[in-house]
Amino acid sequence: MAGKIVLCRCEDVTLSDVEHSVSRGYVDIEEVKRYTGFGTGPCQGKECLGPVATALARLTGEPPGAIAPFTSRPPIAPTPLRILARDPGAHRFDDDKDE
Amino acid sequence: MARRLAGNDAVRGDAVELRIADASVRAYTEESIAAAALASGTRVMSRSLKYHRPRTFFCLEGHCSGCLVRLDGVPNLRACQAPCAHGLEVEGQNAFPSTEVDLLGAVDFLFARGLDHHTLMTGSSMLNRLANKVVRQLSGLGKLPARANTELPEVQRFDVDVCVIGGGPAGLAAAAATARAGKRTVLVDDQLRPGGSMRADPRTGRSAAESSLAAATGAGATVLARSTAVGYFPEDDGGVLVVSAPDRLYRIFARSWIWATGGYVVNLPFPENDRPGVIAARAVGRLLVDHAIVAGDKICLVEVGALADDCTALAGALTRAGAEVTRVPFENVITVRGRSWASQVDTTTGKIDCDIVAVAAIPSPASEGPRQQKCQVVLDPAAGGFRVTVDDHGQTTTPGVWACGDVTGYRGPAAAAADGARVGTNVAAA
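So the protein lines, in turn, are chains A and B. Take any residue in the first sequence, note its place counting from 1, add 19, and you have its number in our numbering. Take any residue in the second sequence, note its place counting from 1, add 440, and you have its number in our numbering.
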């Protein structure tokens with residue numbers, strides 16, 4: 020049996036998982052992300068977004084230019100919450116005692 | 441086996457003793473823990489989330505998840521972005537009883553054809569409850585820290601003309617150009633030492649990285665190392681870039697932004713491509729150029745045609761350092777053998793013994809930040825992913841936001857530096 024071809028090592032998502040997603044009709048990159056979990060691990064798609072999108076273009080026959088990336092949101096990299104604790108832009112709750 | 445090249449004590453720093461997976465290891469202060477672990481024979485550093493396949497670093501650039509370890513009681517830290525220090529305790533994670541022998545690895549054999557979690561144990565509600573209980577016990581990343589860290593970091597605000605994100609060849613050249621033109625310039629770089637791909641390419645090397653850094657700071661730019669751009673918040677005081685450093689949070693306000701984030705090294709899709717020992721060719725280059733460590737005795741370089749020149753340079757440097765290098769076109773790879781470490785590559789033209797498989801794929805543009813600033817990107821397989829689109833001057837589709845170097849499509853260190861200098865000059869004149 021052929022070994023696994025891993026596209027997203029954070030979440031162990033294989034090429035065959037992406038093929039399965041497409042065969043079920045989940046072809047938009049946001050759908051594939053939700054169905055397979057690719058791009059949701061510690062690297063947040065740094066390693067897998069390009070390869071998965073390229074595979075999707077091939078599997079769906081879409082021109083690459085028609086495929087959009089999934090939405091990028093902060094934090095771009097894993098960040099300890101304490102680093103953000105003193106950010107004056109951070110939301111403060113009404114019951115914060117040290118206000 | 442990986443080995444340190446003799447006669448490079450000056451680049452290694454002071455010798456220290458640390459503990460990696462319960463063994464005492466001699467390492468150096470200028471080495472990352474990941475580099476020291478490889479040089480001392482520690483191979484598997486963690487296990488993957490679902491199949492518990494063995495993992496170690498792939499990128500060595502703080503971007504992949506391969507080298508997440510528990511460091512002095514704190515989980516999920518990247519071994520490649522932590523410098524060695526005396527007495528450090530480094531432990532693997534996500535494995536029972538250890539990363540080398542993980543009983544949970546049975547999942548990988550039981551589900552050799554893959555595991556569809558959508559239909560796993562959903563037939564019976566009782567089995568489903570049981571399965572969910574087991575899965576909740578097994579999943580997750582690391583264990584909670586041994587103690588709470590109550591030290592809160594300082595917050596520092598920067599108001600500048602130009603903020604450059606990324607301290608590789610393009611970013612350092614751009615920052616030097618804008619600072620030289622009199623613009624208040626701050627540059628943030630997420631690595632242990634600025635220099636980016638110059639520290640991984642034998643054609644440029646450490647000296648080019650250091651002279652580019654000196655040129656930027658000499659021109660008056662403020663360079664912040666180990667500082668990661670974590671998000672752009674447009675609603676906050678006209679737009680702020682939040683940057684995280686080990687003991688500090690920076691809030692950066694700038695008139696112009698230059699994204700010089702380069703590209704992430706990525707893997708190529710061949711069977712067993714996630715085995716430890718399969719690492720990015722640029723990581724092999726970084727070990728050699730920046731750490732004077734030869735990653736293996738027999739290195740199989742799996743490459744795409746577009747990177748032939750880069751691979752020729754890397755293969756030459758590795759050969760001169762005493763490694764045996766075999767170059768294989770990606771299309772010819774059938775599979776990789778070796779369970780907890782790659783030991784052989786099967787190709788259409790024969791079997792190749794090796795102890796490192798170095799993968800040279802086109803780096804995927806690091807376009808998250810530009811996307812948060814609403815810059816247009818386009819999927820371009822020849823560019824390895826979603827590259828930022830720019831006009832002839834280097835301006836993106838968002839006013840005041842520019843991009844240069846590999847984030848606009850792979851070009852390599854020398855051409856990226858030239859592009860950075862050109863775009864930096866344009867930004868200063870705008």
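Virtual Cβ for every residue (Gly too), placed ideally from N, Cα, C.
For chain A, is any of its Cβ atoms less than 8 Å away from the one on residue i?
i, result
"B:Lys814", "no"
"B:Val602", "no"
"B:Arg493", "yes"
"B:Cys520", "no"
"B:Leu747", "no"
"B:Pro593", "yes"
"B:Tyr850", "no"
"B:Ser505", "yes"
"B:Arg811", "yes"
"B:Ala856", "no"
"B:Val867", "no"
"B:Asp676", "yes"
"B:Gly825", "yes"
"B:Pro821", "yes"
Using a Cβ-Cβ cut-off of 8 Å, state whether residue i counts as contacting chain B.
i, result
"A:Gly58", "no"
"A:Gly22", "yes"
"A:Thr98", "yes"
"A:Arg53", "no"
"A:Glu118", "The pLDDT assigned to A:Glu118 is 45, lower than 50, so where the model puts this residue is not dependable; a value taken from the coordinates is nonetheless given after this. It does not: the Cβ of A:Glu118 has no partner Cβ on chain B nearer than 8 Å."
"A:Asp106", "yes"
"A:Ile102", "yes"
"A:Gly44", "no"
"A:Gly84", "yes"
"A:Thr73", "yes"
Just the chain B side, please: which residues come within less than 7 Å of residue i by C-beta, in chain order?
i, result
"A:Val25", "Asn713 and Asp714"
Residue j and residue i - do their beta-carbons sit closer together than 8 Å?
i, j, result
"B:Ile730", "B:Arg666", "Checking the displayed sequence, the identity of residue 730 of chain B turns out to be Asp instead of Ile. No, these two residues do not count as a Cβ contact at 8 Å."
"B:Gly611", "B:Leu632", "no"
"B:Leu754", "B:Gly725", "yes"
"B:Arg695", "B:Val680", "no"
"B:Cys524", "B:Tyr468", "yes"
"B:Trp873", "B:Arg495", "Past the edges of chain B, shown from 441 to 870, lies residue 873 of chain B, and the structure says nothing about it."
"B:Asp676", "A:Gly108", "yes"
"B:Ala659", "B:Ala619", "yes"
"A:Gly64", "A:Glu30", "no"
"B:Ala615", "B:Gly453", "no"
"B:Val595", "A:Arg105", "yes"
"B:Arg624", "B:Asp641", "no"
"B:Asn448", "B:Ala869", "no"
"B:Gly532", "B:Val509", "yes"
"B:Ala720", "B:Phe498", "yes"
Do you know whose CA, among the options, lies nearest residue i's CA?
i, options, result
"B:Asp831", "B:Asn866, B:Ala753 and B:Ala610", "B:Asn866"
"B:Pro634", "B:Arg624, B:Tyr468, B:Thr662 and B:Ala619", "B:Thr662"
"B:Gly849", "B:Gly860, B:Asp512 and B:Gly660", "B:Gly860"
"A:Gly69", "B:Pro805, B:Gly834 and B:Gln835", "B:Pro805"
"A:Ile95", "B:Asp820, B:Gly834, B:Arg811 and B:Gly825", "B:Arg811"
"A:Thr90", "A:Pro97, A:Gly58 and A:Arg77", "A:Gly58"
"B:Ile796", "B:Trp842, B:Ala649 and B:Val768", "B:Val768"
"B:Ala654", "B:Trp697, B:Gly607 and B:Asp714", "B:Gly607"
"B:Thr590", "B:Asp687, B:Val744 and B:Asn572", "B:Asp687"
"B:Gly843", "B:Ile698, B:Lys583 and B:Gly790", "Checking the sequence, you will find Ala at residue 843 of chain B rather than Gly. Checking every option, the nearest Cα to that of B:Ala843 belongs to B:Ile698."
"B:Leu728", "B:Ala856, B:Thr701 and B:Arg760", "B:Arg760"
"B:Leu500", "B:Glu470, B:Gly554 and B:Arg518", "B:Arg518"
"B:Gly582", "B:Thr789, B:His833 and B:Cys507", "B:Cys507"
"B:Glu529", "B:Ala586, B:His503 and B:Leu489", "B:Ala586"
"A:Thr55", "B:Val706, B:Thr788, B:Leu664 and B:His557", "B:His557"
"B:Leu551", "B:Lys490, B:Phe498 and B:Leu584", "Leu is not the amino acid found at residue 551 of chain B; the sequence shown has Phe there. Among B:Lys490, B:Phe498 and B:Leu584, the Cα nearest to that of B:Phe551 belongs to B:Lys490."
"B:Asp548", "B:Val682, B:Asp714 and B:Val742", "B:Asp714"
"B:Ser480", "B:Gly563, B:Thr766, B:Ser464 and B:Arg493", "B:Ser464"
"B:Ala476", "B:Val742, B:Leu445, B:Leu584 and B:Ser488", "B:Leu445"
If the cut is a Cβ gap below 7 Å, which residues of chain A does residue i touch?
i, result
"B:Lys490", "Glu30 and Asp31"
"B:Thr836", "Within 7 Å Cβ-Cβ: nothing; B:Thr836 doesn't reach chain A, min ~14 Å."
"B:Asn589", "Arg101"
"B:Leu508", "Pro61"
Give me the chain A residues within the contact set of residue i, using Cβ-Cβ distance strictly less than 8 Å, ordered along the chain.
i, result
"B:Ser804", "Lys65, Glu66, Leu68, Gly69 and Pro70"
"B:Gly671", "Arg92, Pro93, Pro94 and Ile95"
Can you name the residues of chain B whose CB is closer than 8 Å to the CB of residue i?
i, result
"A:Asp34", "Note on identity: in this sequence residue 34 of chain A is Leu, with Asp being the wrong assignment. What A:Leu34 touches in chain B: Pro709."
If the cut is a Cβ gap below 9 Å, which residues of chain A does residue i touch?
i, result
"B:Asp556", "Asp36 and His39"
"B:Asn516", "Pro61 and Pro97"
Closer than 9 Å, Cβ to Cβ, to anything on chain A: give me those residues from the segment 682-695 of chain B, in chain order. The segment 682-695 of chain B vs chain A, Cβ under 9 Å: Val682, Ser684, Ala685, Pro686, Asp687, Arg688, Leu689 and Arg691.
Interface residues of the segment 469-484 of chain B facing chain A [CB-CB below 7 Å]: If you check each beta-carbon in the segment 469-484 of chain B against every beta-carbon of chain A, none falls closer than 7 Å.
Anything in the segment 650-665 of chain B with a Cβ closer than 8 Å to a Cβ of chain A? List those residues in chain order, please. none
For the segment 612-633 of chain B, which residues have a beta carbon sitting closer than 9 Å to at least one beta carbon of chain A? Asp630
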